[in-house]
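In this note's numbering, the protein residues as written are 7 to 245.
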Amino acid sequence: MRVAILDDEPAELRRVEQTLEQMAEAGEQPWSLHSFERGEDLLRQLRRETFDLLILDWQLPDLTGLALLRWTREHMDAPPAAIMLTSRDGESDIVQALNAGADDYVSKPFRPNELKARVAAVLRRHSQPRSAAGEVQTFHDLTFDDAELTVTREGKPILMTEREYRLARCLFSNLGRPLSRDYLYERFWPNEETTSSRPLDTHIYRLRNKLGLTADRGWQLLTIYGYGYRLESVGTGNE
Numbered sequence: 007m008r009v010a011i012l013d014d015e016p017a018e019l020r021r022v023e024q025t026l027e028q029m030a031e032a033g034e035q036p037w038s039l040h041s042f043e044r045g046e047d048l049l050r051q052l053r054r055e056t057f058d059l060l061i062l063d064w065q066l067p068d069l070t071g072l073a074l075l076r077w078t079r080e081h082m083d084a085p086p087a088a089i090m091l092t093s094r095d096g097e098s099d100i101v102q103a104l105n106a107g108a109d110d111y112v113s114k115p116f117r118p119n120e121l122k123a124r125v126a127a128v129l130r131r132h133s134q135p136r137s138a139a140g141e142v143q144t145f146h147d148l149t150f151d152d153a154e155l156t157v158t159r160e161g162k163p164i165l166m167t168e169r170e171y172r173l174a175r176c177l178f179s180n181l182g183r184p185l186s187r188d189y190l191y192e193r194f195w196p197n198e199e200t201t202s203s204r205p206l207d208t209h210i211y212r213l214r215n216k217l218g219l220t221a222d223r224g225w226q227l228l229t230i231y232g233y234g235y236r237l238e239s240v241g242t243g244n245e
């Protein structure tokens with residue numbers, strides 16, 4: 007889980023970080039928190055990196071949180087979830103932010119438990135449908151079983167490691183969404199120091215071959231130069 011926090015007050019940034027760190031400790035998946043005091047700095051990162059959630063202050067000296075929110079909705083194919091966290095709490099402000107694409111609106115000074123609850127609710131709404139234990143999902147001729155961590159094509163199993171399975175599942179759960187290298191490394195190699203892109207590139211190469219991620223089978227796994235990868239469905243729909 008990669009979260010970007012935007013606030014020009016360092017003390018407020020730290021309060022939000024501490025609140026989200028509590029959520030990260032309680033969750034199964036590692037969280038990566040990235041704090042910004044300038045809207046322009048976050049905008050540059052959004053052009054280069056993948057985030058699951060934005061928490062945005064409204065009033066900043068350069069690029070406001072509202073302007074940045076609008077940019078994500080206008081220029082990103084799959085914009086991350088966004089929560090406005092601001093002292094502007096008038097009804098017209100809330101309506102303006104929600105109309106601009108905010109998923110929720112929290113007024114300052116915030117209560118930590120309320121913020122955690124709202125973050126959890128927004129992430130639930132934005133998360134891709136996940137299979138319950140024992141449930142399977144099919145994409146074209148590939149069937150994923152999250153309980154057994156197996157993939158089959160027309161009933162025939164495809165030999166994969168657990169990491170390969172989870173990486174493939176992430177790509178299929180984010181069809182059409184560009185995923186940055188940093189995002190994938192933080193999610194699948196969280197405790198390993200990587201000095202090159204070779205581990206990820208090697209896994210992508212294996213997935214292309216093992217799963218047949220080619221146009222004739224309805225898939226296109228694109229390398230986005232300087233950014234990462236994007237899996238697209240071509241031809242006959244997603245599932």
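Beta carbons are placed, not taken as given, at the ideal position from N, Cα and C, and that holds for glycine.
Can you give me the Cβ contacts of residue i inside the same chain, cut-off strictly under 7 Å, excluding the 5 residues immediately before and after it?
i	result
tryptophan 64	Thr70, Gly71, Leu72, Met90, Thr92 and Arg94
tryptophan 195	Pro205
glutamate 31	none
serine 137	Reliability of the predicted coordinates at serine 137 is poor, the pLDDT of 43 falling under 50, and the value obtained from them is presented with this limitation in mind. Taken in chain order, the residues that qualify are Gln143 and Asp152.
Quick check on the DSSP output: the alpha helix (DSSP H) that includes residue i runs from which residue to which?
i	result
threonine 78	71-81
aspartate 99	97-105
arginine 159	First-last for arginine 159: 156-159, but that is the beta strand (DSSP E), not the alpha helix (DSSP H).
arginine 236	Counting along the chain, arginine 236 falls outside any alpha helix (DSSP H), though it belongs to the beta strand (DSSP E) covering 234-239.
leucine 165	Element bounds for leucine 165: n/a, residue is neither H nor E.
phenylalanine 194	187-194
arginine 130	118-132
alanine 32	16-32
Check each candidate in the options and name the one with the smallest Cα separation from residue i.
i	options	result
leucine 49	Val22, Leu59, Thr78 and Met29	Thr78
phenylalanine 178	Asp147, Ala108, Arg204 and Lys162	Asp147
tyrosine 231	Glu192, Leu185 and Asp222	Leu185
arginine 233	Thr25, Glu55, Tyr111 and Gln102	Inspection of the sequence shows that residue 233 is occupied by tyrosine rather than by arginine. Measuring from the Cα of tyrosine 233, the nearest candidate turns out to be Glu55.
alanine 126	Asp109, Gly218 and Leu104	Asp109
Just the C-alpha distance for residue i and residue j, rounded to the nearest angstrom, thanks.
i	j	result
phenylalanine 42	leucine 59	14 Å
aspartate 99	alanine 88	15 Å
alanine 123	glutamate 15	23 Å
glutamate 154	glutamate 18	43 Å
glutamate 160	asparagine 215	17 Å
glutamate 170	asparagine 119	36 Å
leucine 228	arginine 193	19 Å
aspartate 83	glycine 224	20 Å
aspartate 188	valine 9	13 Å
asparagine 180	methionine 29	23 Å
arginine 131	serine 38	20 Å
alanine 139	leucine 121	Its pLDDT being 45, under 50, alanine 139 is placed unreliably by the model, and nothing is read from it.
lysine 114	leucine 104	17 Å
Using 10 angstroms around the beta-carbon of residue i, count the other beta-carbons present and answer buried if the total reaches 16, otherwise exposed.
i	result
isoleucine 61	buried
glycine 96	exposed
tyrosine 235	buried
leucine 2	Residue 2 is absent from the structure shown; the chain starts at 7 and stops at 245.
tyrosine 111	buried
valine 101	exposed
leucine 12	buried
isoleucine 210	buried
methionine 7	buried
leucine 26	buried
leucine 219	buried
arginine 21	buried
What residue range does the beta strand (DSSP E) around residue i cover?
i	result
phenylalanine 145	142-145
methionine 90	87-92
glutamine 226	225-230
phenylalanine 150	148-151
arginine 8	8-12
Apart from the five residues on each side of it in sequence, which residues of its chain come closer than 8 Å, Cβ to Cβ, to residue i?
i	result
arginine 175	Phe150 and Asp152
glycine 290	This structure cannot speak to residue 290, because the chain is shown only from 7 to 245.
By Cβ distance below 6 Å, which residues in the same chain neighbour residue i in space, the five residues on each side in sequence not counted?
i	result
glutamine 226	Glu238 and Val240
aspartate 68	Arg44, Gly45 and Glu46
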